[in-house]
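Asks: The structure under discussion is supplied below as structure tokens; questions concerning it will follow.
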Amino acid sequence: MNQKEQLRKQHSQLIDQTVRELAQAYQKYHGSLTEFLTNALYADGVLQPAYSKTYIDSVIDQYTEAVQAEVERIAEEKVEEAFLLGLLMFYEDIGSPISMQQARKELSTIGISFKAKTEVKRLLSHTSSNTSFRIKRIVKQVFSDSLLYQTAQSKQQDRLLGLLEQTKSIKEFEKILQREGFVGIIDKRGYIWKPDVYAKMVLRTKLMEADAQTQKAKGEQSGIDLAWISIAHVDNPCNLWEGTIISLNGFDRRFPTYEQAKATGEVFHPNCQHYLNVIRDISLAPLSVISATEQKYGIDLSEYKN
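For what it's worth, our numbering labels the leading residue of the sequence shown as 100, then goes sequentially.
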């Protein structure tokens with residue numbers, strides 16, 4: 100395994116580790132908050148809130164602030180490390196490797212990592228806020244149900260009591276909490292993203308985008324404009340672009356730019372697993388990449404085949 104492959108493996112492992120840490124943070128939040136709410140709203144197993152709604156909402160805020168702080172800590176630490184690995188890979192690609200110390204110095208001058216970290220934390224913060232809002236809405240409904248339960252008790256409405264005990268039980272509450280409360284976002288298609296799954300998508304997407312922006316910025320500075328798209332063996336429109344060459348900044352007009360490729364919606368989409376391999380010259384690309392590029396764009400690159 101060469102240095103570039105080792106760095107890519109470290110990068111992938113770092114993302115996996117970060118996702119695990121984020122998932123653990125959310126699982127702890129879910130477990131602790133579920134335990135508190137069931138005890139607070141179902142005293143002795145009966146629909147009977149033990150505290151005021153104001154107090155319960157304040158505790159929800161405390162748990163949410165705690166998980167948000169933990170998520171931001173993870174993002175701050177791990178995203179920075181991922182960027183450093185990305186920068187090291189760029190220099191490995193062009194045959195001019197640098198040290199970690201040099202990478203840290205360069206990264207501080209680019210500014211892309213700061214923007215990406217800020218955006219990741221903003222999106223994850225929105226997720227936590229959205230989850231908190233949904234849980235509070237469920238709690239509000241529980242308080243309304245408890246008033247109905249008390250009324251049924253006082254008027255000895257046995258049939259209504261039986262119905263409420265069946266449909267408003269702890270078990271049903273926990274189901275609703277998981278299904279409707281612990282939701283990160285609901286996208287435009289109506290797809291429900293759990294917080295940990297959404298965090299994974301945000302992390303992978305923003306790192307991919309930021310890595311590409313770093314490659315574009317460094318490529319423009321060094322006069323390097325070409326890169327080929329990695330091969331991930333995925334069964335989706337991405338495979339139409341796998342192993343093909345693109346232009347980072349549009350200097351080589353034979354190839355579409357990163358932005359043009361992304362605009363098709365077929366590659367570099369949210370949660371995309373593809374990355375760019377920067378090359379100084381087409382002749383340095385694998386033969387399979389040169390052939391795939393010829394086929395996709397209908398151009399002749401035989402002069403670059405050794």
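Where a beta carbon is used, it is the ideal one built from N, C-alpha and C, also for glycine.
Because the structure is a prediction, the values reported are computed rather than measured.
1. DSSP three-state label for LEU418, please.
2. Quick one: Cα of LYS270 to Cα of LEU206, how far?
3. Just the Cα atoms here: how many angstroms apart are ILE330 and VAL388?
4. With a threshold of 8 Å, are at least 3 pairs of Cβ atoms found where one atom belongs to the stretch 368–386 and the other to the stretch 310–327?
5. Look up ASN405 in the DSSP assignment and give the residues it is bridged to.
6. The alpha helix (DSSP H) with VAL296 in it runs from where to where?
7. Below 7 Å CB to CB, which residues in the same chain sit around ARG303 once its five sequence neighbours on both sides are set aside?
8. From ASN338 to GLY364, what distance separates their C-alpha atoms?
9. For the beta strand (DSSP E) that contains SER198, what are its first and last residues?
10. Just the Cα atoms here: how many angstroms apart are THR392 and ILE381?
11. Which same chain residues, not among the five before or five after LEU187, have their C-beta less than 6 Å away from its C-beta?
12. When you compare only the Cα positions, how much space is there between ARG353 and THR230?
13. SER224 by DSSP, collapsed to three states: which one?
14. Under three-state DSSP, which class holds VAL377?
15. In terms of residue numbering, what span does the alpha helix (DSSP H) encompassing LEU132 cover?
16. Could you pull out every residue in the same chain whose Cβ sits closer than 6 Å to the Cβ of TYR141, ignoring the five residues on either side in sequence?
Replies: With the given structure in hand:
1. Nothing about residue 418 can be read from this structure; the chain reaches only from 100 to 405.
2. 51 Å
3. 10 Å
4. yes
5. ASN405 pairs with nothing; no bridge assigned.
6. 294–321
7. ILE114 and ASN370
8. 12 Å
9. Premise fails: SER198 is in no beta strand (DSSP E) and is neither H nor E.
10. 10 Å
11. LEU106 and ALA202
12. 47 Å
13. helix
14. strand
15. 102–140
16. ILE269
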